[in-house]
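Accompanying notes for the structure given below.
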Amino acid sequence: MWGFVIKLKTKNKSIVMKTKILGLMLLLIAFSTQAQEKKNKNAKFTIEVNGNCDMCKKRIEKAAFETKGVKSAVWDIETHQLNLILNEEKRSLLAVEQNIAKAGHDTNNVKATDADYDNLHGCCRYERD
Ligand SMILES: [Cu+2]
């Protein structure tokens, strides 16, 4: 009889524990999905974009601005750094990089196709690595 009561108590304890752990996990999942959904409207990025001259600068910045959500795009001829301000609710950084690559310029994550590269003006054919 006593053995039965003790067994029942320990069983209840473990159920309570399991419920607590489950609750904690659900809370954690809820938190992490909320964090993922909350996108930055003014996300700042600095990426490397390959190019040579002032013509490249105009082309790169134009391609960036043609991407929805891009609020600011400034490319530096010397450092090859593109500073971006992007509304991530509208487009991702990858989408911006894809547009720039389509204009013929290699970026960190997206390389231009050979055809798009060949379309560049002669003086703009930067050295590819
Ligand atoms: Cu150029």
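Position 116 of the sequence shown, counting from 1, maps to 103 under the working numbering, and the rest follow consecutively.
The beta carbon of each residue, even a glycine, is placed where N, CA and C say it ideally should be.
Which residues in the same chain as residue i place their Cβ atom closer than 7 Å to its Cβ, once the five residues preceding and following it in sequence are excluded?
| i | result |
| --- | --- |
| GLN68 | THR33 and GLU35 |
| GLU114 | none |
| LEU80 | PHE32 and LEU73 |
Looking only at its chain, what residues have a beta carbon closer than 8 Å to the beta carbon of residue i, apart from the 5 residues adjacent to it on each side?
| i | result |
| --- | --- |
| LYS49 | ALA90 |
| LYS28 | ASN74, GLU75 and GLU76 |
| MET42 | HIS108, CYS110 and CYS111 |
| ILE64 | GLY38, ASN39, CYS40, ASP41, CYS43 and LYS44 |
Is it the case that the Cβ atoms of residue i and residue j are separated by a distance below 9 Å?
| i | j | result |
| --- | --- | --- |
| ASN74 | VAL57 | yes |
| ASN37 | ASP116 | yes |
My assumption, with CB atoms under 8 Å, is that residue i sits in contact with residue j. Please give the rounded CB distance.
| i | j | result |
| --- | --- | --- |
| HIS92 | ALA102 | That belief does not hold up - the Cβ atoms of HIS92 and ALA102 are roughly 14 Å apart, past 8 Å. |
| ALA82 | THR54 | 6 Å |
| ALA30 | ILE87 | Not really, about 16 Å apart at Cβ, beyond 8 Å. |
Using C-beta distances below 6 Å, list every residue in its chain close to residue i, excluding the 5 sequence neighbours before and after it, in chain order.
| i | result |
| --- | --- |
| ARG46 | ALA90 |
| GLU84 | THR94, ASN96 and VAL97 |
| LYS26 | GLU75 and GLU76 |
| VAL61 | ASN70 |
| ARG78 | THR54, LYS55 and GLY56 |
| SER120 | One cannot answer for residue 120 here, as it falls past the ends of the chain, which runs -12 to 116. |
Can you list the beta strand (DSSP E) stretches of 3 or more residues lying completely in the segment -6 to 81, in chain order?
-> 30 to 35, 57 to 62 and 68 to 73
Can you list the residues near ligand 1, meaning Cβ strictly closer than 5 Å to any non-hydrogen atom, in the order they appear in the chain?
-> Answer in sequence order: ASN39, CYS40, MET42, CYS43 and CYS111.
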